[in-house]
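Position 62 of the sequence shown, counted from 1, bears residue number 62 in full-length UniProt numbering, the numbering being contiguous throughout. Note that beta-carbon positions come from the ideal geometry of N, C-alpha and C, so glycine has one too. It should be emphasised that the depicted structure is a prediction, and the values quoted were computed from it without experimental measurement. Encoded as structure tokens, the structure appears first; notes follow it.
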Amino acid sequence: MRAALNKLNDEGIVRPDARGGRHASLREKDSATRSAVLAHIQLFPRMESHFCRQSTTREYLHPDLTIKKMYYFYVQEGRQPQCSYHTYRRVFKSLNLSFHHPKKDQCNLCSSYKEGSTETKAKLEDSFAAHIAEKDSVRKKKKDAKESSQENPEIMEIKEKVEAELGVKYNEGQIWKKIQNIKTRLKAKTDRNQTGNKPIKLKGWEQELLNFLQKSVDYTPTACAEEETITEEASGSSGPVLEATIMKAGPSKEPSKKNENED
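Take a look at the structure:
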């Protein structure tokens, strides 16, 4: 009781603890250092990742950069206040930032258009606009299929069945991509072979997946009445099962970058 009363000042308020801790001057220095590091990091331009989710907030820096290189620039420029590498790294990690390391992250058309000269962009304007329109159309179809699969419990999920049939682990996005690849190849080969009526040959995995879908999907014409369908000649089956499968699969993930072969 005596010790507690001794801590009271003349106004009857308990004095602040004087047993050490970080002084106000040090806290001000920490705040100034963080502000200086943040200002330096903001100087580096951001890059857009081609296949990120539509609502992502993560930003990307140039793939040639690293945290050590950025800290080296900070020191070489003589910025004040000075800080250690660990402080710089801690501030960087607190941000929603990453380094852009594309594998097959951007297609040739997008890269050529975005990095090309004014003349190059003028030549690619129509192709790039069509490419973006196609991307938006596919995203809309994917979104509609996902919403349909969530609203209608009768819509089948083919993920586990495809894995069991082919003995390979796929996520929904990869299955979606493979179905789209089969569609594209069949349509292209059908267009080329319309006059000669030559047989259409698929790759091994394409034929396996196509055979499985043909015997597994309960196709109803109303499921894709407004969608483009694959003809009997192209699919080698009694109905346009691929579009029905796409509408019924309802993928819930974006295509995986690791397994994508095409834009």
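With contacts defined by Cβ atoms closer than 8 Å, V37 and V91 form a contacting pair. For L109, there is no enclosing beta strand (DSSP E); the residue is part of the alpha helix (DSSP H) that begins and ends at 108 to 115. Using a Cβ distance threshold of 8 Å, F128 and Y113 count as a contacting pair.
M47 has its alpha-carbon roughly 16 Å from the corresponding atom of G116. Listed as beta-bridge partners of M47 by DSSP are Y60. DSSP, read as helix, strand or coil, puts L5 in helix. At a Cβ-Cβ threshold of 8 Å, Y85 and Y71 count as neighbours.
At the C-beta level, T87 and T120 stay beyond 8 Å of one another. Counted as a single uninterrupted DSSP element, the alpha helix (DSSP H) harbouring I67 occupies residues 67 to 76. Residue environment analysis places A3 among the exposed positions, since fewer than 16 neighbouring C-beta atoms fall within 10 angstroms of its C-beta.
Straight through space, the alpha carbons of F73 and R15 are spaced by roughly 45 Å. In the DSSP assignment, V14 falls outside any alpha helix (DSSP H) and carries neither an H nor an E. Excluding sequence positions up to five before and after T57, its CB lies within less than 7 Å of the CB of N96, all in the same chain and listed in chain order. Each residue's CA atom was taken as its position, placing E151 and K140 some 16 Å apart. According to the DSSP assignment, R89 belongs to the alpha helix (DSSP H) that extends over 85 to 93. For R19, the closest C-alpha among the options K7, G12, Q82, E134 is that of K7. Rounded to whole angstroms, the separation of the alpha carbons of D30 and D136 is 46 Å. When the Cα atoms are used, Q82 and M1 turn out to be separated by approximately 47 Å.
Excluding residues up to 5 positions away in sequence, F44, F99 lie with their Cβ nearer than 8 Å to the Cβ of L65 in the same chain. When C-alpha distances from K68 are compared across R89, E125, C107, the shortest belongs to R89.
Only exposed fits K93, as fewer than 16 other CB atoms lie within 10 angstroms of its CB. Burial state of K143 is exposed, judged by a 10 Å Cβ sphere holding fewer than 16 other Cβ atoms. When the Cα atoms are used, Q42 and H131 turn out to be separated by approximately 32 Å. Going by C-alpha positions, P63 is about 34 Å away from E28.
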